[in-house]
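J.:
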Amino acid sequence: MERLWNLLFLWYSQSMAKEPENKEIRVRFAPSPTGLFHLGSGRTALFNWVHARKHGGKFILRIEDTDKERSKLEFEQGIYDALRWMGLNWDEGPDIGGEFGPYRQSERTHIYREYLEKLIKTNWAYYCYCSKEELDEEREAMIAQGLPPKYSGHCSHLTEAPVGKTPQLIRFRTPDTRVEFKDVIRGTVSFDSSLFGDLPIAKDLDTPLYNFAVVVDDELMHITHVIRGEDHLSNTPKQILFQKALGFREVAYAHLPLILAADRSKLSKRYAETSLFEYKKQGYLPEAMVNFLILLGWHPKDDKEIFTLPELTEVFELSRVQKAGAIFNEEKLLWINGEHIKIADPKMISEFLIEKTTELYGKKFDFDFAKIFELGKGRAKTLNELVDVSGFFFDLPEYPWGLLTWKDETSESIKEKLLLSKEALLAIPDELWSYEKISEVINLLAERHGKGLIFSPLRVALTGLKASPEPIAVAEILKKTEAVKRIDHALKKIP
RNA sequence: GGCGCCAUCGUCUAGUGGUAGGACAGGUGGUUCUCAUCCACCAAACAGGGGUUCAAUUCCCCUUGGCGCUACCA
2 MERLWNLLFL
12 WYSQSMAKEP
22 ENKEIRVRFA
32 PSPTGLFHLG
42 SGRTALFNWV
52 HARKHGGKFI
62 LRIEDTDKER
72 SKLEFEQGIY
82 DALRWMGLNW
92 DEGPDIGGEF
102 GPYRQSERTH
112 IYREYLEKLI
122 KTNWAYYCYC
132 SKEELDEERE
142 AMIAQGLPPK
152 YSGHCSHLTE
162 APVGKTPQLI
172 RFRTPDTRVE
182 FKDVIRGTVS
192 FDSSLFGDLP
202 IAKDLDTPLY
212 NFAVVVDDEL
222 MHITHVIRGE
232 DHLSNTPKQI
242 LFQKALGFRE
252 VAYAHLPLIL
262 AADRSKLSKR
272 YAETSLFEYK
282 KQGYLPEAMV
292 NFLILLGWHP
302 KDDKEIFTLP
312 ELTEVFELSR
322 VQKAGAIFNE
332 EKLLWINGEH
342 IKIADPKMIS
352 EFLIEKTTEL
362 YGKKFDFDFA
372 KIFELGKGRA
382 KTLNELVDVS
392 GFFFDLPEYP
402 WGLLTWKDET
412 SESIKEKLLL
422 SKEALLAIPD
432 ELWSYEKISE
442 VINLLAERHG
452 KGLIFSPLRV
462 ALTGLKASPE
472 PIAVAEILKK
482 TEAVKRIDHA
492 LKKIP
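Each residue of the first sequence is one higher than the one before, counting from 2 in my numbering.
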């Protein structure tokens with residue numbers, strides 16, 4: 002009987018296997034709206050997106066909300082927000098529709114039902130009446146005997162419902178076979194399906210389970226490449242079995258290595274800060290996030306490390322993805338963020354700074370924010386740091402007068418030099434106020450009295466800080482009135 | 001426990017059957033009015049054991065270790 006069954010399966014699957022067609026690449030990103038958008042999800046989405054764009058294919062967004070209890074609309078909104086923030090646009094999805102919708106699994110129950118019925122009709126699936134308690138018992142007994150725990154097949158030969166029992170779930174009649182598939186990243190992977198037992202595919206006709214729903218959707222949405230985390234590698238043979246039983250087309254698989262925490266454990270859910278928007282809040286640029294995430298498990302042919310999204314769609318190759326898990330290294334992310342700040346669009350950053358400082362200080366500043374950014378970009382690795390290091394422009398920090406000194410100079414000497422600087426600045430007509438002009442007059446003083454003696458007190462007077470960008474550039478941005486005002490303030494401090 | 005996947009500097013990684021390269025982080029110098037940037041240099045790895053081979057980090061096997069799955073979650 003068993004053998005006959007396997008033979009039948011083999012014949013069936015082979016007869017239904019279709020010729021590989023040379024057609025458009027279609028990938029999907031299929032998150033569950035059951036929590037805050039996770040870094041790992043972001044990376045999976047990114048790899049899918051880049052692969053699709055590289056080959057001129059389609060990127061489809063599907064919301065897997067079959068778990069009614071845990072799925073929440075706010076989390077679904079979080080998925081859209083996160084993808085948009087990263088710059089990953091989708092061609093089909095719940096919000097924009099598409100040829101193969103609906104794209105929310107909760108709206109597709111009638112479709113799953115159809116295939117569930119088909120499987121039951123063809124005897125590929127059957128109702129299981131075992132209660133959860135019975136199953137647990139059975140399971141523990143098997144483990145106690147040192148056997149691999151799997152469903153016994155207790156209900157598989159039933160022709161009608163046992164009296165007084167209601168169906169608990171629908172099971173797939175797993176054939177005993179070797180399931181082998183090619184993974185783009187890992188090569189050939191194979192499993193022995195006899196270890197699976199008869200797999201649950203739905204709680205009832207209207208409540209499909211993950212492994213089953215995925216297979217139906219991927220077929221109906223014409224997905225050609227399934228790119229997902231390695232945690233799904235063990236699900237793949239099960240899904241292939243369903244696929245074959247339903248006569249569906251084969252898809253190409255690529256299982257990405259997992260992102261690991263510093264202790265090499267799975268990164269997910271363990272830490273709150275694995276939420277993507279946590280990084281946005283901390284001042285990370287989406288470009289940097291994307292750049293960092295792509296480098297976690299992928300590397301170009303050369304040693305280039307800083308990429309933009311459009312560049313990635315040129316050079317990315319799925320086959321160059323790493324097999325081993327990668328530790329999420331915040332320090333490298335920070336560095337990459339700094340690099341992206343250096344090449345960021347000054348207009349974009351200026352707008353951010355204007356908004357942020359208005360909010361922070363409660364008023365609008367008439368500064369050239371692009372120049373503020375220019376001075377800050379080498380000093381800040383995040384947007385938040387950029388705001389911090391530019392703070393003295395908006396609010397002069399309080400400082401002790403001693404900060405104004407230089408080496409062993411007397412207070413009289415410092416006072417005198419500050420006065421010289423003030424007069425030099427005052428002498429510049431407003432319409433000639435520029436970096437070049439300020440540089441000219443201040444450097445003249447510096448040549449005469451020594452650089453440190455001129456620059457150091459001037460810096461502290463203008464910024465209130467011992468360490469800061471060059472005073473000339475600061476003075477230029479501050480403009481004459483404010484610069485002179487700050488020097489006067491310094492002069493008053495000196496006893 | 002069973003099944004599966006994986007293994008190069010601390011971290012991300014390149015690489016090849018014949019000097020193990022880059023990046024982050026670390027260290028030391030240089031540039032500079034300070035800080036930062038920038039530049040130069042230094043230190044740092046093929047998990048272990050067997051095979052195959054003239055030769056193994058590379059190919060094969062074993063061990064060890066890590067991770068994943070083993071749900072009426074996805």
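Quick reminder that beta carbons are idealized off the backbone N, C-alpha and C, glycines included.
Go through its chain and collect everything with a Cβ distance to residue 316's Cβ below 7 Å, but skip five positions before and after it.
T.: Here residue 316 corresponds to residue number 315 of the first sequence, with the count starting at 1. Excluding positions up to five away in sequence, the list reads 301.
J.: Grab me the residues of residue 53's own chain with a C-beta within less than 7 Å of its C-beta, minus the 5 sequence neighbours each way, in chain order.
T.: One-based indexing of the first sequence puts residue 53 at position 52. Here the set comprises 26, 28, 59, 60.
J.: Using 8 Å as the cut-off, can you tell me whether the segment 195-214 makes contact with the segment 235-250, which would need three or more C-beta pairs spanning the two stretches below that distance?
T.: Short answer: they touch.
J.: Would you check if there are 3 or more beta carbon pairs closer than 8 Å linking the segment 212-222 to the segment 150-162?
T.: Segments in contact, no.
J.: Here's the rule: buried if 16 or more other CB atoms are within 10 angstroms of the residue's CB, otherwise exposed. What is residue 298?
T.: For this step, residue 298 is matched to residue 297 along the first sequence. By the 10 Å Cβ count, residue 298 comes out buried.
J.: Candidates 51, 74, 83, 65: which alpha carbon is nearest residue 279's?
T.: Here residue 279 corresponds to residue number 278 of the first sequence, with the count starting at 1. The option with the nearest alpha carbon to residue 279 is 83.
J.: Determine, using beta-carbon pairs with one atom in the segment 308-325 and one in the segment 419-433, whether at least three such pairs fall under 8 Å.
T.: With a cut-off of 8 Å, the segment 419-433 and the segment 308-325 do not count as touching, because too few Cβ pairs lie within range.
J.: What did DSSP end up calling residue 484 once you bin it into helix, strand or coil?
T.: If you number the first sequence from 1, residue 484 lands on position 483. In this structure, residue 484 counts as helix in the three-state DSSP scheme.
J.: Could you pull out every unbroken alpha helix (DSSP H) segment of at least 4 residues lying fully inside the segment 245-331, listed in chain order?
T.: DSSP runs (the alpha helix (DSSP H)) wholly in the segment 245-331: 277-282, 287-296, 310-316.
J.: Tell whether a beta-carbon distance below 8 Å holds between residue 176 and residue 194.
T.: Reading the first sequence from its first residue, position 175 is the one you call residue 176. Reading the first sequence from its first residue, position 193 is the one you call residue 194. Contact flag set, yes.
J.: Express the C-alpha separation of residue 253 and residue 226 in angstroms, rounding to a whole number.
T.: Walking along the first sequence from the start, residue 226 turns up at place 225. Walking along the first sequence from the start, residue 253 turns up at place 252. Rounded to whole angstroms, residue 226 to residue 253 spans 5 Å at the Cα level.
J.: Which residue from 137, 127, 141 puts its Cα closest to that of residue 162?
T.: In the first sequence, residue 162 corresponds to position 161, counting from 1. For the residues 137, 127, 141, the minimum Cα distance to residue 162 belongs to 127.
J.: State the beta-bridge partners of residue 226 as determined by DSSP.
T.: Reading the first sequence from its first residue, position 225 is the one you call residue 226. Beta-bridge pairing links residue 226 to 28, 253.
J.: What first and last residue would you give for the alpha helix (DSSP H) that runs through residue 215?
T.: Position 214 of the first sequence holds residue 215. Per DSSP, residue 215 belongs to the alpha helix (DSSP H) from 211-221.
J.: So the candidates are 435, 386, 178, 267; which of them puts its Cα closest to the Cα of residue 474?
T.: Here residue 474 is taken as the residue at index 473 of the first sequence, counted from 1. That would be 435, whose Cα lies nearest to the Cα of residue 474.
J.: With residue 415 and residue 426 assumed to form a contact (beta carbons below 8 Å), what rounded beta-carbon distance in angstroms separates them?
T.: For the purposes of this step, residue 415 is taken as residue 414 along the first sequence, with counting starting at 1. For the purposes of this step, residue 426 is taken as residue 425 along the first sequence, with counting starting at 1. 17 Å between Cβ atoms; not a contact.
J.: Would you mind working out which of 496, 392, 39, 24 sits nearest residue 267, comparing C-alpha positions?
T.: Numbered from its first residue, the first sequence carries residue 267 at position 266. With distances taken between Cα atoms, residue 267 lies closest to 39.
J.: Which residues mark the beginning and the end of the alpha helix (DSSP H) in which residue 185 is found?
T.: Looking up residue 185 in the first sequence gives position 184. Where residue 185 is concerned, there is no enclosing alpha helix (DSSP H), given that its DSSP letter is neither H nor E.
J.: With a cut-off of 8 Å on the beta carbons, I'd call residue 382 and residue 326 a contact; round off their distance for me.
T.: Translated into the one-based positions of the first sequence, residue 382 becomes position 381. Translated into the one-based positions of the first sequence, residue 326 becomes position 325. That pair is no contact at about 26 Å.
J.: Quick one: is residue 263 buried, meaning 16 or more other Cβ sit within 10 Å of its Cβ, or exposed?
T.: Here the question's residue 263 lines up with position 262 in the first sequence. Exposed: under 16 other Cβ atoms inside 10 Å.
J.: For residue 256, is the classification buried or exposed, using 16 other Cβ atoms within 10 angstroms of its Cβ as the cut-off for buried?
T.: The residue given as residue 256 occupies position 255 in the first sequence. Buried, since its Cβ has 16 or more Cβ neighbours within 10 Å.
J.: CB residue 89 to CB residue 47, shorter than 8 Å?
T.: Along the first sequence, one-based indexing puts residue 89 at 88. Along the first sequence, one-based indexing puts residue 47 at 46. Cβ atoms of residue 89 and residue 47: closer than 8 Å.
J.: Could you tell me whether the segment 63-81 touches the segment 90-110, where touching means 3 or more Cβ pairs closer than 8 Å?
T.: Cβ pair count under 8 Å is three or more, so yes.
J.: Give the straight-line distance between the Cα atoms of residue 429 and residue 289, rounded to the nearest whole angstrom.
T.: As a first step, residue 429 must be located in the first sequence, where it is residue number 428. As a first step, residue 289 must be located in the first sequence, where it is residue number 288. Approximately 42 Å, taken between the alpha carbons.
J.: Can you name the start and end residues of the alpha helix (DSSP H) that residue 436 belongs to?
T.: Translated into positions along the first sequence, residue 436 becomes position 435. Residues 436-450.
J.: By Cβ distance, which residues of its chain are closer than 7 Å to residue 292, with the 5 residues on each side in sequence left out?
T.: Stepping through the first sequence from its first residue, residue 292 is reached at position 291. Closer than 7 Å at Cβ, skipping near neighbours: 307, 308, 337, 341.
J.: Do you know how far the Cα of residue 78 is from the Cα of residue 445?
T.: Position 444 of the first sequence, counting from 1, holds the residue named residue 445. Position 77 of the first sequence, counting from 1, holds the residue named residue 78. Rounded to the nearest angstrom, the two C-alpha atoms are 60 Å apart.
J.: Looking at residue 129 and residue 172, is the spacing between their C-beta atoms short of 8 Å?
T.: By one-based count along the first sequence, residue 172 stands at place 171. By one-based count along the first sequence, residue 129 stands at place 128. Yes, Cβ-Cβ distance for residue 172 and residue 129 is below 8 Å.
J.: Apply the 10 Å Cβ neighbour rule to residue 491 and answer buried if 16 or more other Cβ atoms are within range, or exposed otherwise.
T.: Working through the first sequence from its first residue, we reach residue 491 at position 490. Buried.
J.: Going by alpha carbons, who is nearest to residue 125 out of 351, 355, 157?
T.: Counted from its first residue, the first sequence places residue 125 at position 124. Comparing Cα-Cα distances from residue 125 to each of 351, 355, 157, the minimum goes to 157.
J.: For residue 400 versus residue 465, is the C-beta spacing smaller than 8 Å?
T.: Indexing the first sequence from 1 puts residue 400 at position 399. Indexing the first sequence from 1 puts residue 465 at position 464. Yes; because the gap between Cβ atoms is below 8 Å, this pair is in contact.
J.: Please classify residue 237: does DSSP put it in a helix, a strand, or coil?
T.: Translated into positions along the first sequence, residue 237 becomes position 236. Correct three-state label for residue 237: helix.
J.: In this structure, what does DSSP give as the bridge partners for residue 94?
T.: For the purposes of this step, residue 94 is taken as residue 93 along the first sequence, with counting starting at 1. Its beta-bridge partners are 98.
J.: Tell me which residues share the same chain as residue 494 and place their Cβ nearer than 6 Å to its Cβ, disregarding the 5 neighbours each side in the sequence.
T.: For this step, residue 494 is matched to residue 493 along the first sequence. Taken in chain order, the residues that qualify are 402.
J.: Helix, strand or coil: how does DSSP classify residue 463 here?
T.: Here residue 463 refers to the residue found at position 462 when the first sequence is read from its first residue. It is helical.
J.: Look up residue 354 in the DSSP assignment and say whether it is helix, strand or coil.
T.: Taking the first residue of the first sequence as 1, we reach residue 354 at position 353. Residue 354: helix per DSSP, three-state reduction.
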